[in-house]
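Protein chains in written order, with this note's numbering: chain X, 1 to 285; chain G, 1001 to 1250. Backbone N, C-alpha and C define an ideal beta-carbon position, used for all residues, glycine too. Predicted model only: the values in this text are computed from it and were never measured. Contents: one structure, followed by commentary.
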Amino acid sequence: MNSSKKNRLKDNAFKYFGIGCTTFGLAMLAIFIGNILIEGFARIDWDFITNFPSRNPDKAGILPALIGTLWIMGLTAIISIPLGISAAIYLEEYGKKSRLANVLEINISNLAGVPSIIYGLLGLEIFGRIMGMGGSLLAGASTLSLLILPIIIVSTREALKAVPKSIKEASFAMGASKWQTISYQLLPASFGGIITGIILALSRAVGETAPLIVIGALAYVPFVPSSPTDEFSVLPIQIFNWISRPQKGFAINAASAIIVLLMVTFVLNGIAMYLRNKWQKKVQW
Amino acid sequence: MNKLEARNVNVFYGPNQVIKDVSISIKKNTVTAFIGPSGCGKSTFLRLFNRMNDYIDIFKMEGRIEIDGSDIYDKQIRVEELRKQIGMVFQKPNPFPKTIYENVIYGLRIQGIKDKKILDEVVEKSLKQAALWEEVKDKLKNSALALSGGQQQRLCIARTLAVAPTVILMDEPASALDPISSAKVEELIYELKSQYTIVIVTHNMQQAGRVSDTTAFFYMGELVEHDSTKMIFTNPKNERTQNYITGRFG
Ligand SMILES: Nc1ncnc2c1ncn2[C@@H]1O[C@H](COP(=O)(O)OP(=O)(O)O)[C@@H](O)[C@H]1O
Ligand SMILES: [Mg+2]
Chain X
1 MNSSKKNRLK DNAFKYFGIG CTTFGLAMLA IFIGNILIEG FARIDWDFIT NFPSRNPDKA
61 GILPALIGTL WIMGLTAIIS IPLGISAAIY LEEYGKKSRL ANVLEINISN LAGVPSIIYG
121 LLGLEIFGRI MGMGGSLLAG ASTLSLLILP IIIVSTREAL KAVPKSIKEA SFAMGASKWQ
181 TISYQLLPAS FGGIITGIIL ALSRAVGETA PLIVIGALAY VPFVPSSPTD EFSVLPIQIF
241 NWISRPQKGF AINAASAIIV LLMVTFVLNG IAMYLRNKWQ KKVQW
Chain G
1001 MNKLEARNVN VFYGPNQVIK DVSISIKKNT VTAFIGPSGC GKSTFLRLFN RMNDYIDIFK
1061 MEGRIEIDGS DIYDKQIRVE ELRKQIGMVF QKPNPFPKTI YENVIYGLRI QGIKDKKILD
1121 EVVEKSLKQA ALWEEVKDKL KNSALALSGG QQQRLCIART LAVAPTVILM DEPASALDPI
1181 SSAKVEELIY ELKSQYTIVI VTHNMQQAGR VSDTTAFFYM GELVEHDSTK MIFTNPKNER
1241 TQNYITGRFG
């Protein structure tokens, strides 16, 4: 066998290995989602969305948890987006050479790898106890903001980096200040990438359970939270709670709630994809 | 008084000296061509005049550079103001990923000018000056990135003209363009020189010969010779200049 033939064989072997791995991953996901759909789809109706949790699985609904999740998402966005983008702009455009930036830089990459329960403990101590927020939505959102800040910072920096240097040079040469260059050129040109990163980070936050349990989010909430200082539950906690019950009816409820949660994240990812495509079409170098 | 003046300028990138004791005077409303082999420091020297080298960490300069007699590296100088006076056109066309209209008014926008009438006027005037108006007047709201390379370069020139500079620096403005676009840009430079002081880096000897009044020949960071273009091309004083323009090296 000559070597080109051997190489072709290797090529093919690797190709089929790759296809196999991909199929395996997709198949697992399909089985999981299929299972959930079969089990939970029938249970989803308007009542399920608008009812409060109940001891009777047939009457139980997800309203407080769903609203809690939406609140958490909104508050986390409000806290983390300005912080994350500002930090990224500082690191990328202003702090390039400073020692501080170097230290921050190393730490930010590390922070992204810290287990989320550690963030929960941090949030419990700082937001819950020291700042006196207790187990409120605000404490939860602040904790999750810490959790996703590194993701937002890293992705925003990547997006800023992707803007060609020639654009920056052109702007400076026209007499623009640094800030004008950032706000008129860099941010608009990298908007697609930034927003994609933000949305992916938020969908991560929406799925988090552990840190919220640690700061004291409730498993049973008989009311709809109406202000950031209210206590709350979120969908993943509701799901966790239901799954740990012995009755079959709650397992079905859990499956249904998973479908709703998946839908929330799919919608978020859909928006991310839409915006990315839209912006990429507009900005091509 | 000369429009631009460099006195005993040295430039270092880290330990490497890339400009060696260069002094040059450039008169108002003339076109000066910088020629010389690749890497001899033409771009570096050109970018001293609008302080674009300031962004390079390892850049260091000694000496003095003046516009209308005042030191542009003075601590009092606001770089943003300086660059409104001294525009720059780059080698590779670099329009902003925005509409044609937005590209032209960018300089005014960052100065806070919002009056639609003024902006419209400037857009038309600048695009006409850059010989682009007829080609784009019906698609001002289209993306500048949809234009051809040559059109993009003329748009970049229009964008520079829009802020009414007195000096325009051009770093091989036609080298990335096809011959026809290149000829158009050249023609444009020729027309602009009655109103602007232009400094152009070029690799193209014929181009230097056609558009410039004076030519400066750089070699390994030194300014070997600066004289009227006619003299440089017909009767250079220095042997190295002679060798370069007759194509014996470079
Ligand atoms: N940003 C930079 N950092 C370090 N060295 C540079 C940089 N830019 C240019 N140089 C060096 O400076 C010298 C002059 O470069 P340049 O001004 O671009 O020459 P030219 O435009 O005549 O080709 C070259 O040796 C080049 O390698
Ligand atoms: Mg050059």
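Secondary structure of X/S98, DSSP reduced to three states: Residue mapping note: residue 98 of chain X aligns to position 98 of the first sequence, counting from 1. Here X/S98 sits in coil by DSSP.
Endpoints, the beta strand (DSSP E) within which G/L1169 is located: Walking along the second sequence from the start, residue 1169 of chain G turns up at place 169. Start and end: 1167-1171.
Candidates X/I49, X/R204, X/L111: closest to X/A286 by CA position: This structure does not reach residue 286 of chain X, given that chain X is present from 1 up to 285, and the question cannot be answered.
Whole-angstrom C-beta distance between X/L275 and X/I195, which should lie under 8 Å: By one-based count along the first sequence, residue 195 of chain X stands at place 195. By one-based count along the first sequence, residue 275 of chain X stands at place 275. So it is a contact: roughly 5 Å between Cβ atoms.
Identity of the residue in X/L235, X/K248, X/F250 nearest X/L261 by Cα: Your numbering for residue 261 of chain X matches position 261 in the first sequence. For X/L261, the nearest C-alpha among the options comes from X/L235.
Neighbour flag for G/N1142 against chain X, beta carbons, 8 Å: The residue labelled residue 1142 of chain G in the question sits at position 142 within the second sequence. Not one chain X Cβ lies under 8 Å of G/N1142.
Near ligand 1: X/S298 beta-carbon under 7 Å from a heavy atom: Any property of residue 298 of chain X remains undetermined from this structure, which presents chain X solely from 1 to 285.
Contacts of G/P1236 in chain X (Cβ-Cβ under 7 Å): Residue 1236 of chain G sits at position 236 when you count from the first residue of the second sequence. Within chain X, no C-beta atom comes less than 7 Å from the C-beta of G/P1236; the nearest is roughly 32 Å away.
N-terminal and C-terminal residue of the beta strand (DSSP E) that X/Y184 is part of: For this step, residue 184 of chain X is matched to residue 184 along the first sequence. X/Y184 -> no beta strand (DSSP E), and no H or E assigned at all.
G/I1200 vs G/I1189 beta-carbon contact at 8 Å: Here residue 1200 of chain G is taken as the residue at index 200 of the second sequence, counted from 1. Here residue 1189 of chain G is taken as the residue at index 189 of the second sequence, counted from 1. Yes, the Cβ-Cβ distance between G/I1200 and G/I1189 is below 8 Å.
Which residues DSSP lists as bridging G/H1226, in chain order: As a working mapping, residue 1226 of chain G is identified with position 226 in the second sequence. In the DSSP assignment, the residues bridged to G/H1226 are G/A1216.
Near-chain G residues of the region 87-118 of chain X - C-beta to any C-beta below 9 Å: K96, K97
Chain-ordered neighbours of X/F172 on chain G, where CB pairs are closer than 8 Å: Residue mapping note: residue 172 of chain X aligns to position 172 of the first sequence, counting from 1. Within 8 Å Cβ-Cβ: M1052, Y1055, R1083.
Residues in the region 144-167 of chain X having any Cβ partner in chain G nearer than 7 Å: S166, I167
Any C-beta of chain X under 8 Å from that of G/I1198: Mapped onto the second sequence, residue 1198 of chain G falls at position 198. Cβ-Cβ to chain X under 8 Å: no for G/I1198.
C-beta contact flag for X/P64 and X/L137 at 8 Å: One-based indexing of the first sequence puts residue 64 of chain X at position 64. One-based indexing of the first sequence puts residue 137 of chain X at position 137. Cβ distance not < 8 Å, so X/P64 and X/L137 don't count as in contact.
Beta-carbon contacts of X/I215 that lie in its chain and below 8 Å, excluding the five residues immediately before and after: In the first sequence, counting from the first residue as 1, residue 215 of chain X sits at position 215. G120, G123, L124, F127, G128, G135, A139, G140, T143, listed in sequence order.
Rounded distance between the beta-carbons of G/I1026 and G/L1046, thought under 8 Å: For the purposes of this step, residue 1046 of chain G is taken as the residue at position 46 of the second sequence. For the purposes of this step, residue 1026 of chain G is taken as the residue at position 26 of the second sequence. With 8 Å as the limit, G/L1046 and G/I1026 do not qualify as a contact, their Cβ atoms being about 11 Å apart.
Three CB pairs or more closer than 8 Å across the region 1024-1038 of chain G and the region 1214-1229 of chain G: yes
Proximal residues of chain G, C-beta to C-beta of X/S4 below 8 Å: To locate residue 4 of chain X, count along the first sequence from 1; it is residue 4. Here the premise fails: no neighbours, minimum Cβ distance about 40 Å.
Backbone secondary structure at X/Q238 - three-state DSSP: The residue given as residue 238 of chain X occupies position 238 in the first sequence. It is helical.
Beta carbon proximity, G/K1092 to chain X, threshold 8 Å: Along the second sequence, one-based indexing puts residue 1092 of chain G at 92. For G/K1092, the nearest beta carbon of chain X is closer than 8 Å to its own beta carbon.
X/E169: CB within 7 Å of a non-hydrogen atom of ligand 2: Position 169 of the first sequence holds residue 169 of chain X. It does not: the Cβ of X/E169 is nowhere closer than 7 Å to a heavy atom of ligand 2.
Neighbour-count burial assignment, G/M1001, 16 or more Cβ in a 10 Å radius: On the second sequence, position 1 is the one that residue 1001 of chain G refers to. It is exposed - the Cβ of G/M1001 has fewer than 16 other Cβ atoms within 10 Å.
Straight-line Cα distance separating G/G1107 from G/T1241: The residue you call residue 1241 of chain G lines up with position 241 of the second sequence. The residue you call residue 1107 of chain G lines up with position 107 of the second sequence. If I take the Cα positions, the gap works out to 39 Å.
Three-pair Cβ contact test at 8 Å for the region 219-226 of chain X versus the region 57-72 of chain X: The answer is yes - the region 57-72 of chain X touches the region 219-226 of chain X, with three or more Cβ pairs under 8 Å.
CA nearest to the CA of G/K1116, picked from G/V1022, G/T1246, G/E1102, G/K1128: Looking up residue 1116 of chain G in the second sequence gives position 116. Selected option, being the one with the closest Cα: G/E1102.
One or two residues paired with G/M1061 in a DSSP bridge: Taking the first residue of the second sequence as position 1, residue 1061 of chain G is located at position 61. Paired residue(s): G/V1011.
Residue-level contact to chain G via CB, X/S287, 8 Å cutoff: Residue 287 of chain X lies beyond the range of chain X shown here (1 to 285); nothing can be said about it.
Minimum C-alpha distance to G/I1086 - residue among G/G1014, G/L1048, G/Q1076, G/L1155: The residue you call residue 1086 of chain G lines up with position 86 of the second sequence. For the residues G/G1014, G/L1048, G/Q1076, G/L1155, the minimum Cα distance to G/I1086 belongs to G/L1048.
N- and C-terminal bounds of the beta strand (DSSP E) containing G/G1087: Position 87 of the second sequence holds residue 1087 of chain G. Run containing G/G1087: 1086-1089, per the beta strand (DSSP E) assignment.
Cβ-Cβ separation, G/M1231 to G/T1160 (assumed contact under 8 Å), whole Å: For the purposes of this step, residue 1160 of chain G is taken as residue 160 along the second sequence, with counting starting at 1. For the purposes of this step, residue 1231 of chain G is taken as residue 231 along the second sequence, with counting starting at 1. Incorrect: roughly 30 Å between the Cβ atoms, too far for contact.
Interface residues of chain X facing G/E1080 [CB-CB closer than 8 Å]: Within the second sequence, residue 1080 of chain G is the residue found at index 80, counting from 1. Going along chain X in sequence order, the residues near G/E1080 (Cβ under 8 Å) are G175, A176, S177.
Residue of X/G270, X/L160, X/Y184, X/L202 minimising C-alpha distance to X/S171: Here residue 171 of chain X is taken as the residue at index 171 of the first sequence, counted from 1. For X/S171, the nearest C-alpha among the options comes from X/Y184.
Reference X/L146; option with closest CA among X/N110, X/L91, X/M174: By one-based count along the first sequence, residue 146 of chain X stands at place 146. Ranking the options by Cα distance to X/L146, first place goes to X/N110.
C-alpha distance - X/A60 paired with X/N51, whole-angstrom precision: Taking the first residue of the first sequence as position 1, residue 60 of chain X is located at position 60. Taking the first residue of the first sequence as position 1, residue 51 of chain X is located at position 51. Cα to Cα, X/A60 sits roughly 6 Å from X/N51.
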